[in-house]
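Below is one structure, written out as structure tokens, with a few remarks after it.
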Amino acid sequence: MYILKRLLLFIPTLLGITVITFLLMRSMPGDPVTIMAGERATPETIARIRAVLGQDRPVALQYFNYLKDIATGELGRSIYTNRKVADDLLQKFPNTVKLAFAAMLFASVFGVSMGVFSAVRQGTWWDRAMTLLSVGGISIPVFWLGLALMLLFAFKLRWLPPSGMGNGDPVYLILPAVTLGTFSLSYIARITRSSMLESLAQPYIAAARAKGLTETRVVLKHGLKNSLIPIVTLIGLDLGSYLNGAVLTETIFGWDGLGRYALDGILKRDYPVIMGVVLFGAVVFVSMNLLVDISYRLLDPRIRIKEAG
Amino acid sequence: MLKELHWKDVTKNIPALVALCMIAMLVLTAAIGPLLVPYDPLSMDLDSLKQPPSRAHLLGTDGKGRDILSRIAAGSRISLAIGIIASVSSLAIGIVFGLISGYFSGKIDAVLSQVFDVFLAFPSLLLAIGISAVIPPGLFSAMLAITLVGWAGFARLVRGITLSLKEQTYVEASRALGAGPARILSRHILPNALPLLLVAGSLRIGGFILLEASLSFLGLGVQPPTPTWGSMISLNRAYINSAPWMVLFPGLAISVTVISFNILGDFLRDKLDPRLQV
Numbered sequence: 001m002y003i004l005k006r007l008l009l010f011i012p013t014l015l016g017i018t019v020i021t022f023l024l025m026r027s028m029p030g031d032p033v034t035i036m037a038g039e040r041a042t043p044e045t046i047a048r049i050r051a052v053l054g055q056d057r058p059v060a061l062q063y064f065n066y067l068k069d070i071a072t073g074e075l076g077r078s079i080y081t082n083r084k085v086a087d088d089l090l091q092k093f094p095n096t097v098k099l100a101f102a103a104m105l106f107a108s109v110f111g112v113s114m115g116v117f118s119a120v121r122q123g124t125w126w127d128r129a130m131t132l133l134s135v136g137g138i139s140i141p142v143f144w145l146g147l148a149l150m151l152l153f154a155f156k157l158r159w160l161p162p163s164g165m166g167n168g169d170p171v172y173l174i175l176p177a178v179t180l181g182t183f184s185l186s187y188i189a190r191i192t193r194s195s196m197l198e199s200l201a202q203p204y205i206a207a208a209r210a211k212g213l214t215e216t217r218v219v220l221k222h223g224l225k226n227s228l229i230p231i232v233t234l235i236g237l238d239l240g241s242y243l244n245g246a247v248l249t250e251t252i253f254g255w256d257g258l259g260r261y262a263l264d265g266i267l268k269r270d271y272p273v274i275m276g277v278v279l280f281g282a283v284v285f286v287s288m289n290l291l292v293d294i295s296y297r298l299l300d301p302r303i304r305i306k307e308a309g
Numbered sequence: 310m311l312k313e314l315h316w317k318d319v320t321k322n323i324p325a326l327v328a329l330c331m332i333a334m335l336v337l338t339a340a341i342g343p344l345l346v347p348y349d350p351l352s353m354d355l356d357s358l359k360q361p362p363s364r365a366h367l368l369g370t371d372g373k374g375r376d377i378l379s380r381i382a383a384g385s386r387i388s389l390a391i392g393i394i395a396s397v398s399s400l401a402i403g404i405v406f407g408l409i410s411g412y413f414s415g416k417i418d419a420v421l422s423q424v425f426d427v428f429l430a431f432p433s434l435l436l437a438i439g440i441s442a443v444i445p446p447g448l449f450s451a452m453l454a455i456t457l458v459g460w461a462g463f464a465r466l467v468r469g470i471t472l473s474l475k476e477q478t479y480v481e482a483s484r485a486l487g488a489g490p491a492r493i494l495s496r497h498i499l500p501n502a503l504p505l506l507l508v509a510g511s512l513r514i515g516g517f518i519l520l521e522a523s524l525s526f527l528g529l530g531v532q533p534p535t536p537t538w539g540s541m542i543s544l545n546r547a548y549i550n551s552a553p554w555m556v557l558f559p560g561l562a563i564s565v566t567v568i569s570f571n572i573l574g575d576f577l578r579d580k581l582d583p584r585l586q587v
């Protein structure tokens, strides 16, 4: 039942997103028709182009046509390259996914470790240092972190390549993934710490210790395993931060994904490109959230039982 | 609903105290810093291009011979102004729609909640890019973009608070005495929600400053030659290896500022209302 309701609510959200991008498209500066027709076009030519584009029709009808275009995968063409925006998006998207996946892996592994470590040493200097580090991670601008890491690891130490994609060589993925993942890592560390503190205070932890289990086993098997739900939720729902961060990270490292594509669009004021990325990003974001949400209902029996009861 | 905050709480918590001092310094810098710095942030000095930090130029100069310290001081005004104004304006919009949505349940609430959800459905930076791309870039467009990104989160929070406050007996009593919705909302619900909302607002300032820096970095913020921290980094990023101070110091300014706001916000939240955890 819940899943059905969630799916039904997904439709107005998608429509709402298209209303906003449509309104943004309409408020674009400069008239695309005069750009297309050129300086010396006669008023008749301009009127003819407007009629072809449907710009002489009522706004509601224009919106309806916009929706129809989106539904058929037509997001317009770049003003500069005249390539289809939809084709470009699909071509760049896998690169962003690859980067985001690597970043997420980095963030999850180190974020969970940091959080567990902090929780086990609650109140010590270690714990305080980790807490400060995690505040730093959400406060430092992604683009600056990327440049600082590039300076240190690529130019000074010469351990890693400064930028580019290196034809898929994983070495090129390290700096961008660390840069992109740091923000999320900090949130994961925070939530892991508080979730661990909660479960380490439970009676079954005392029982496990009384049984004579080693501390590592108590912490990992009994503590961490029971703290995982909020952590995994956060990891799943945090995809938006990857799409945000990708714009900046890809710009710094010359990573040929959606983010850099967006920046090229911004620099050239290529509006169909900008709006294409905004629309695509939002749709990807809400769809992933929907998937995470639904898979929870399916995977965790406790949530299902609560729904039924 | 809010616990009390004593000055002693602040002085006992070292990170919060340090953060407060940093913010005080930042406000002072924004207020009078540009009068104290030795150089005009816009004047180019062709005799001292790309100078590393020295006694003449404490933080060095950029590729056009402009003093970086002076530019950072000038940029602090923009960061601080946008961070605070965007927080206040998005909070104000959020309060209006959140109160309406929470108080009048039914169709109005359903529609408004859907609108909040749509705004929250966009990754924040992408929405800000979309908005600031269609307006001529500058102070106004950056502020508008950040406000439109931020208001829905506040609206949802205000809606939740309103839903619980409107069941309170004093609201019921006021309604029984014949008070209309406008009076109940403005005299009873809003004053009781406000302290909590101010904490929520302060929690967001750091994030908004970061968003402004990102927009500036992408060329969608306040335009050159006016210096902003974000644009100082993007304009000089090609020099990251040969003249790293041009990029490192403005980034340090952003980082220290945002860290301070975030530490102080966390502190206020923990002390006053742990429920605000986001």
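Chains as they are written, first to last, in our numbering: chain A, 1 to 309; chain B, 310 to 587. In this text, a Cβ means the ideal position worked out from N, Cα and C, and glycines have one as well. The structure presented is a predicted model; accordingly, all values stated were derived computationally and were not measured.
Just grab the DSSP bridge partners of residue 77 of chain A for me. As a position in the first sequence, residue 77 of chain A is number 77, starting the count at 1. Residue 77 of chain A is bridged to A:84.
Please compile the residues from chain A whose C-beta is within a distance smaller than 7 Å of the C-beta of residue 466 of chain B. Position 157 of the second sequence, counted from the start, is the residue given in the question as residue 466 of chain B. Contact of residue 466 of chain B with chain A by beta-carbon distance below 7 Å is absent, the smallest such distance being about 18 Å.
From the DSSP output, which residues share a beta bridge with residue 376 of chain B? If you number the second sequence from 1, residue 376 of chain B lands on position 67. Paired residue(s): B:370.
Quick check on the DSSP output: the alpha helix (DSSP H) that includes residue 180 of chain A runs from which residue to which? Here residue 180 of chain A is taken as the residue at index 180 of the first sequence, counted from 1. 171 to 200 is the extent of the alpha helix (DSSP H) around residue 180 of chain A.
Report all residues from its chain with a CB closer than 8 Å to the CB of residue 143 of chain A; omit the five preceding and five following residues, and keep chain order. By 1-based counting over the first sequence, the position of residue 143 of chain A is 143. Only residues of its own chain outside the window of five on either side were considered, and among them 248, 249, 251, 252 have a CB closer than 8 Å to the CB of residue 143 of chain A, listed in chain order.
Go ahead and label residue 212 of chain A buried or exposed: buried means 16 or more other beta carbons lie within 10 angstroms of its beta carbon, across all protein chains shown. For the purposes of this step, residue 212 of chain A is taken as the residue at position 212 of the first sequence. Result: exposed.
Using the beta-carbon of each residue, which ones in chain B are nearer than 7 Å to residue 27 of chain A? Working through the first sequence from its first residue, we reach residue 27 of chain A at position 27. Near residue 27 of chain A (Cβ distances below 7 Å), the residues of chain B are 443.
Count the other C-beta atoms from every protein chain shown that fall within 10 angstroms of the C-beta of residue 395 of chain B, then say buried if there are 16 or more, exposed otherwise. Reading the second sequence from its first residue, position 86 is the one you call residue 395 of chain B. Counting the other Cβ atoms within 10 Å of the Cβ of residue 395 of chain B gives 16 or more, which makes it buried.
Three-state secondary structure assigned by DSSP to residue 408 of chain B: By one-based count along the second sequence, residue 408 of chain B stands at place 99. Residue 408 of chain B: helix per DSSP, three-state reduction.
Mind listing the chain A neighbours of residue 558 of chain B? Cutoff is C-beta to C-beta under 8 Å, in chain order. The residue you call residue 558 of chain B lines up with position 249 of the second sequence. Going along chain A, no residue has its Cβ under 8 Å from residue 558 of chain B, so there is no contact; the nearest lies around 10 Å.
On a CA-only basis, which of A:14, A:101, A:45 is nearest residue 245 of chain A? Give me that one, please. Taking the first sequence and counting its residues from 1, one reaches residue 245 of chain A at position 245. Ranking A:14, A:101, A:45 by Cα distance to residue 245 of chain A puts A:101 first.
At 4 residues or longer, and completely inside the stretch 270 to 305 of chain A: list those alpha helix (DSSP H) runs for me, N to C. List check, alpha helix (DSSP H) in window: 271 to 299.
If we cut at 8 Å on Cβ distances, does residue 396 of chain B have a partner in chain A? The sequence position of residue 396 of chain B within the second sequence is 87, counting from 1. Residue-level contact check: residue 396 of chain B does not touch chain A, since none of the beta carbons of chain A fall below 8 Å from its beta carbon.
Residues of chain A with CB closer than 7 Å to the CB of residue 567 of chain B, please, in chain order. What you label residue 567 of chain B is simply residue 258 of the second sequence in a count that begins at 1. Contact note: residue 567 of chain B reaches chain A through 139, using a C-beta cutoff of 7 Å and chain order.
Nearest to residue 159 of chain A by alpha carbon, out of A:145, A:174, A:168? In the first sequence, counting from the first residue as 1, residue 159 of chain A sits at position 159. Per the C-alpha coordinates, the member of A:145, A:174, A:168 positioned closest to residue 159 of chain A is A:174.
For residue 224 of chain A, name the three-state secondary structure that DSSP assigns. Counting from 1 along the first sequence, the entry for residue 224 of chain A is found at position 224. In the three-state scheme derived from DSSP, where H, G and I count as helix and E and B as strand, residue 224 of chain A is classed as helix.
So that I know if they touch, is there some Cβ in chain B lying closer than 8 Å to that of residue 309 of chain A? Numbered from 1 along the first sequence, position 309 holds the residue referred to as residue 309 of chain A. Confidence is the limiting factor: at residue 309 of chain A the pLDDT is only 44, short of 50, which leaves the residue's position unreliable, though a coordinate-based value still follows. It does not: the Cβ of residue 309 of chain A has no partner Cβ on chain B nearer than 8 Å.
Can we say the stretch 499 to 512 of chain B touches the stretch 434 to 451 of chain B, given the rule of at least three CB pairs closer than 8 Å? They do not touch, by the three-pair rule.
Taking residue 559 of chain B and residue 542 of chain B to be in contact with their CB atoms under 8 Å, please state how far apart those CB atoms are, rounded to whole angstroms. Numbered from 1 along the second sequence, position 250 holds the residue referred to as residue 559 of chain B. Numbered from 1 along the second sequence, position 233 holds the residue referred to as residue 542 of chain B. Separation of the CB atoms of residue 559 of chain B and residue 542 of chain B is rounded to 5 Å, and the pair is thereby assigned contact status at 8 Å.
Give me the chain A residues within the contact set of residue 423 of chain B, using Cβ-Cβ distance strictly less than 9 Å, ordered along the chain. Counting from 1 along the second sequence, the entry for residue 423 of chain B is found at position 114. The contacting residues are 9, 12, 13, 16.
Does the beta carbon of residue 523 of chain B sit closer than 8 Å to a beta carbon anywhere in chain A? Taking the first residue of the second sequence as position 1, residue 523 of chain B is located at position 214. So, interface residue.
Pairs of beta-carbons, one from the stretch 91 to 107 of chain A and one from the stretch 174 to 183 of chain A, closer than 8 Å: are there three or more? Per the Cβ contact rule, the stretch 91 to 107 of chain A is in contact with the stretch 174 to 183 of chain A (3 or more Cβ pairs under 8 Å).
Can you check whether the C-beta of residue 571 of chain B is within less than 8 Å of a C-beta belonging to chain A? For the purposes of this step, residue 571 of chain B is taken as the residue at position 262 of the second sequence. Taking Cβ atoms only, chain A reaches closer than 8 Å to residue 571 of chain B, which makes this a yes.
Using DSSP with H/G/I as helix, E/B as strand and the rest coil, what is residue 159 of chain A? Your numbering for residue 159 of chain A matches position 159 in the first sequence. Three-state DSSP puts residue 159 of chain A in coil, outside helix and strand.
Cutoff 8 Å: residue 244 of chain A Cβ touching any chain B Cβ: Sequence index remark: in the first sequence, residue 244 of chain A carries index 244 (1-based). Residue 244 of chain A counts as touching chain B.
If we define contact as Cβ-Cβ less than 8 Å, is residue 6 of chain A a contact residue for chain B? The residue labelled residue 6 of chain A in the question sits at position 6 within the first sequence. No, because no Cβ of chain B sits closer than 8 Å to the Cβ of residue 6 of chain A.
Once you ignore the five residues that flank residue 362 of chain B on each side, which residues in its own chain have a CB closer than 8 Å to its CB? As a first step, residue 362 of chain B must be located in the second sequence, where it is residue number 53. Closer than 8 Å at Cβ, skipping near neighbours: 368, 369, 554.
Quick check on residue 440 of chain B: does DSSP put it in helix, strand or coil? Working through the second sequence from its first residue, we reach residue 440 of chain B at position 131. Here residue 440 of chain B sits in helix by DSSP.
Sort A:255, A:70, A:237, A:65 by Cα distance to residue 92 of chain A and report the nearest one. For this step, residue 92 of chain A is matched to residue 92 along the first sequence. When each option's Cα is compared against that of residue 92 of chain A, the closest is A:255.
To the nearest angstrom, report how far apart residue 587 of chain B and residue 57 of chain A are at their CA atoms. Taking the first residue of the second sequence as 1, we reach residue 587 of chain B at position 278. Taking the first residue of the first sequence as 1, we reach residue 57 of chain A at position 57. With a pLDDT of only 42 at residue 587 of chain B, under the threshold of 50, the placement of this residue in the model should not be trusted, and no figure is reported.
Using only the alpha-carbon positions, how far apart do residue 526 of chain B and residue 539 of chain B sit? What you label residue 526 of chain B is simply residue 217 of the second sequence in a count that begins at 1. What you label residue 539 of chain B is simply residue 230 of the second sequence in a count that begins at 1. Cα atoms of residue 526 of chain B and residue 539 of chain B: separation of roughly 4 Å, rounded to the nearest angstrom.
Exposure of residue 454 of chain B, with buried meaning 16 or more beta-carbon neighbours within 10 Å: Position 145 of the second sequence holds residue 454 of chain B. By the 10 Å Cβ count, residue 454 of chain B comes out buried.
Beta-carbon spacing of residue 136 of chain A, residue 435 of chain B below 8 Å: One-based indexing of the first sequence puts residue 136 of chain A at position 136. One-based indexing of the second sequence puts residue 435 of chain B at position 126. No, these two residues do not count as a Cβ contact at 8 Å.
Who are the near neighbours of residue 320 of chain B in its chain, counting only those whose CB is closer than 8 Å to its CB and skipping five residues on each side? Along the second sequence, read from residue 1 onward, the residue named residue 320 of chain B stands at position 11. Here the set comprises 326.
Cβ neighbours of residue 573 of chain B in the same chain (closer than 8 Å, five flanking residues each side left out): As a first step, residue 573 of chain B is located in the second sequence; it is residue number 264 there, counting from the start. Hits under 8 Å: 325, 328, 329, 332, 511.
Residues near residue 484 of chain B by beta carbon distance below 7 Å, same chain, minus five either side: Position 175 of the second sequence, counted from the first residue, corresponds to residue 484 of chain B. Sequence-distant Cβ neighbours of residue 484 of chain B in its own chain, meaning closer than 7 Å and more than five residues away, are 493.
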